[in-house]
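First up is the structure itself, then whatever we jot down about it.
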Amino acid sequence: MEWTCTHLRYLLAIYTLSQKAPNVGAAAVARALGVSCPSVTRMLGILTQRGLLERERYGKIHLTDQGLVLARTFSRKVALVTERLPRMELALTEEELRQAACLLAAALPDHVADAAPIPPPTPPTESTAVPPPPSDPASDPGGPGSGPGRTPASSPSE
5 MEWTCTHLRY LLAIYTLSQK APNVGAAAVA RALGVSCPSV TRMLGILTQR GLLERERYGK
65 IHLTDQGLVL ARTFSRKVAL VTERLPRMEL ALTEEELRQA ACLLAAALPD HVADAAPIPP
125 PTPPTESTAV PPPPSDPASD PGGPGSGPGR TPASSPSE
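FYI, in the working numbering the residues of the sequence shown are 5 to 162.
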């Protein structure tokens, strides 16, 4: 099954929040991602249907074994990209670096995370754990308007 960057961001947010407190709720996920509670509720339904989450009474959310493996793998890929991307000297802000790291990590095959030496993750703060989803749905690798070779429009060169 293919996972979009948005799916993976939600899993990473839940994984990160669960490292701080065992009982994660939808409101905490919404705050961590900077999205609305209805958006979180919809995505939690999708992730639950796909077998990545279990939702308990009173809104408690837990990753299933499959969800935990996927979140840990994505976390390792994000850490790898976050550690190596600055070497390209792209003059990114911290927020841009986090967003780029999530987008690139979502596109990397799992074997990259298994084979590459990855530095230990830096404990994220609640406000910097996971970048908010892009405001433009077309910018999500799994969203509408995406696909191989899709690049932003540019002016024609002569």
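For glycine and all other residues, C-beta sits at the position ideal for the given N, C-alpha and C.
Meets three-Cβ-pair contact criterion under 8 Å: the stretch 13–25 and the stretch 33–46 | yes
CA-to-CA distance, Arg54 to Leu101, given in whole angstroms = If you number the sequence shown from 1, residue 101 lands on position 97. If you number the sequence shown from 1, residue 54 lands on position 50. So the alpha carbons of these two residues sit roughly 29 Å apart.
So, are the CB atoms of Thr68 and Glu58 less than 8 Å apart?
-> For the purposes of this step, residue 68 is taken as the residue at position 64 of the sequence shown. For the purposes of this step, residue 58 is taken as the residue at position 54 of the sequence shown. Closer than 8 Å, so yes.
Are the stretch 68–77 and the stretch 85–92 touching by the rule of at least three beta carbon pairs closer than 8 Å?
-> no
Got a sec, what are the start and stop residues for the alpha helix (DSSP H) Arg59 sits in?
-> For this step, residue 59 is matched to residue 55 along the sequence shown. Premise fails: Arg59 lies in the beta strand (DSSP E), 57–59, not in any alpha helix (DSSP H).
Please classify Ser4: is it buried, with 16 or more other beta-carbons within 10 angstroms of its beta-carbon, or exposed?
-> Outside the displayed span of the chain (5 to 162) sits residue 4, for which this structure offers no information.
Let me know the secondary structure DSSP gives Val39 once reduced to three states.
-> Looking up residue 39 in the sequence shown gives position 35. In this structure, Val39 counts as coil in the three-state DSSP scheme.
Looking at C-alpha atoms only, which residue of Glu98, Arg80, Met92, Cys106 is the closest neighbour of Asp118?
-> Here residue 118 refers to the residue found at position 114 of the sequence shown. When each option's Cα is compared against that of Asp118, the closest is Arg80.
Work out the CA separation of Leu96 and Leu51 for me, nearest whole Å.
-> Residue mapping note: residue 51 aligns to position 47 of the sequence shown, counting from 1. Residue mapping note: residue 96 aligns to position 92 of the sequence shown, counting from 1. Going by the C-alpha atoms only, they are around 31 Å apart.
From which residue to which residue does the beta strand (DSSP E) around Leu112 run?
-> Looking up residue 112 in the sequence shown gives position 108. No beta strand (DSSP E) holds Leu112; DSSP gives it neither H nor E.
Local conformation of Leu96 per DSSP, three classes = In the sequence shown, the residue the question calls residue 96 occupies position 92. The answer is coil: DSSP assigns Leu96 none of H, G, I, E or B.
Member of Pro26, Lys24, Leu56, Arg61 whose CA lies at the smallest distance from the CA of Tyr14 | Within the sequence shown, residue 14 is the residue found at index 10, counting from 1. Cα-wise, what sits closest to Tyr14 is Leu56.
DSSP beta-bridge partners for Ile50?
-> Your numbering for residue 50 matches position 46 in the sequence shown. DSSP output for Ile50 lists no bridge partner at all.
Alpha-carbon to alpha-carbon, Leu94 and Gly49 | Position 45 of the sequence shown, counting from 1, holds the residue named residue 49. Position 90 of the sequence shown, counting from 1, holds the residue named residue 94. Cα to Cα, the separation comes out at about 37 Å.
What's the gap between the Cα of Ser22 and the Cα of Val28?
-> Within the sequence shown, numbered from 1, the residue matching residue 22 stands at position 18. Within the sequence shown, numbered from 1, the residue matching residue 28 stands at position 24. Using only the alpha carbons, I get a separation of about 6 Å.
Bridge-paired residues (DSSP) for His66 | If you number the sequence shown from 1, residue 66 lands on position 62. Paired residue(s): Glu58.
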